[in-house]
């Protein structure tokens, strides 16, 4: 696991600086194999062998919670950077938002459509989940 992460990050550096993808492909391959085998073992131990003790279940639950919290902070950082740049544009950007040469999207066209698709998919999956829980297929 750690070796594949080292190969992956070193491969990214080699790709960026020397335009060589050999180490990157080795890192991607070993990382993919490591993830596949780890997930296979977790599924086999929990589903077929029943070895997930309450401590292991709690650890998996905490891991998922930490992952979700890290995603919240990741996206909060993106929104923070956007609002910081748009509400207080720096002199390097010309003191205006959006910067000169950037034409913003009309929020009533593609972004609105994407929002509608996202909300519709959320409604449909919630509806399907509740139907399955009630036994209505």
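In this note's numbering, the protein residues as written are 7 to 143.
All residues carry an ideal CB built from backbone N, CA and C; glycine is no exception.
Remember, predicted model here, so these are calculated numbers, not experimental data.
(message) Taking the beta carbon of residue 100 as the centre, do at least 16 other beta carbons fall within 10 Å, making it buried, or is it exposed?
(response) Residue 100 sits at position 94 when you count from the first residue of the chain shown. That one is exposed.
(request) Report buried or exposed for residue 56, applying the criterion of at least 16 other Cβ atoms within 10 angstroms of its Cβ. (result) Your numbering for residue 56 matches position 50 in the chain shown. Per the 10 Å Cβ criterion, exposed.
(request) Report buried or exposed for residue 17, applying the criterion of at least 16 other Cβ atoms within 10 angstroms of its Cβ. (result) Within the chain shown, residue 17 is the residue found at index 11, counting from 1. When all chains shown are included, residue 17 counts as buried.
(request) Assign residue 14 to one of two classes, buried (16 or more other C-beta atoms within 10 Å of its C-beta) or exposed (fewer than that). (result) By 1-based counting over the chain shown, the position of residue 14 is 8. Buried, since its Cβ has 16 or more Cβ neighbours within 10 Å.
(message) Rounding to the nearest angstrom, what Cα-Cα distance links residue 58 and residue 45 in this structure?
(response) Residue numbering aside, residue 58 sits at position 52 when the chain shown is read from its first letter. Residue numbering aside, residue 45 sits at position 39 when the chain shown is read from its first letter. For residue 58 and residue 45, the distance between alpha carbons rounds to 14 Å.
(request) Check whether the Cβ atoms of residue 110 and residue 104 sit closer than 7 Å, and answer yes or no. (result) Taking the first residue of the chain shown as position 1, residue 110 is located at position 104. Taking the first residue of the chain shown as position 1, residue 104 is located at position 98. Yes, these two residues count as a Cβ contact at 7 Å.
(request) Starting from the Cα of residue 30, find the closest Cα among 41, 43, 48 and 11 and give me that residue. (result) Working through the chain shown from its first residue, we reach residue 30 at position 24. Of 41, 43, 48 and 11, the residue nearest in Cα terms is 11.
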